[in-house]
Amino acid sequence: MGGRDNIVAKIDKGSYQLYTLEQPYPDFKKGHRIVDTGDWEKLKEQYGFRCATCGSREGEPNFHWRGTKTILQKAHKDPNKPLVAGNIIPQCQKCNRADRNRWVYDEKGRVIKLADASFVRNFDKDVIVKIYRILYKEFKGKNPKDIKNEK
Ligand SMILES: [Zn+2]
Numbered sequence: 437m438g439g440r441d442n443i444v445a446k447i448d449k450g451s452y453q454l455y456t457l458e459q460p461y462p463d464f465k466k467g468h469r470i471v472d473t474g475d476w477e478k479l480k481e482q483y484g485f486r487c488a489t490c491g492s493r494e495g496e497p498n499f500h501w502r503g504t505k506t507i508l509q510k511a512h513k514d515p516n517k518p519l520v521a522g523n524i525i526p527q528c529q530k531c532n533r534a535d536r537n538r539w540v541y542d543e544k545g546r547v548i549k550l551a552d553a554s555f556v557r558n559f560d561k562d563v564i565v566k567i568y569r570i571l572y573k574e575f576k577g578k579n580p581k582d583i584k585n586e587k
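The working numbering numbers the first residue of the sequence shown as 437 and each following residue consecutively.
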């Protein structure tokens with residue numbers, strides 16, 4: 437890996453191309469802010485009627501499931517918060533599945549946080565150990581029962 441950010445894709449202005457799953461739109465207009473006014477049609481328009489995560493276009497075959505017609509759905513950026521203006525991104529029916537509740541997305545449809553702590557059990561052992569070390573240090577070895585959940 438590495439060097440991925442140096443890839444220069446020739447993409448026509450106003451169009452997008454899937455190039456990695458982490459960064460669907462490397463050329464997403466610089467300084468182009470997504471303004472979620474709560475108007476679903478306007479929001480979809482700002483995304484070019486594409487899934488924020490995989491880039492599949494509404495009404496067209498899904499990028500990863502060619503036999504499936506893409507349907508855009510209102511999806512949570514953060515599934516722990518209500519589905520209201522500011523917390524909505526358009527996602528296709530494939531990206532907006534139940535397992536997405538594990539993740540928090542940014543406005544570009546990229547995963548930025550873990551939303552479901554229990555999903556940590558699915559991680560590889562070495563990652564779990566690293567997380568444990570980070571948290572152990574963070575909480576100075578305190579008993580979890582003595583830690584207040586600040587929320
Ligand atoms: Zn998608």
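C-beta atoms are modelled at their ideal positions from N, C-alpha and C, and glycine is treated no differently.
Quantities reported herein were computed from a predicted structural model and do not represent experimental measurements.
Placement of the Cβ of Q482 at a distance of 8 Å or more from every heavy atom of ligand 1 is found. Beta-bridge annotation (DSSP): H512 is paired with I524. As the crow flies, the alpha-carbon of N516 is around 18 Å from that of G474. In this structure, D514 is the residue among D514, H500, W476 with its C-alpha nearest to the C-alpha of D552. According to DSSP, P497 shares a beta bridge with K505. Between P526 and K478 a beta carbon distance of about 11 Å is seen, past the 8 Å cut, so the two are scored as non-contacting. In terms of Cβ geometry, E494 and T506 form a close pair [threshold 9 Å]. Non-local C-beta neighbours of R538 in its own chain, meaning closer than 7 Å and more than five positions away in sequence, comprise L550, A551, D552, F555, ordered along the chain. Annotation for V565: the continuous alpha helix (DSSP H) segment containing it runs 561 to 574. By a beta-carbon distance limit of 8 Å, L508 contacts F485. Their separation comes to about 7 Å.
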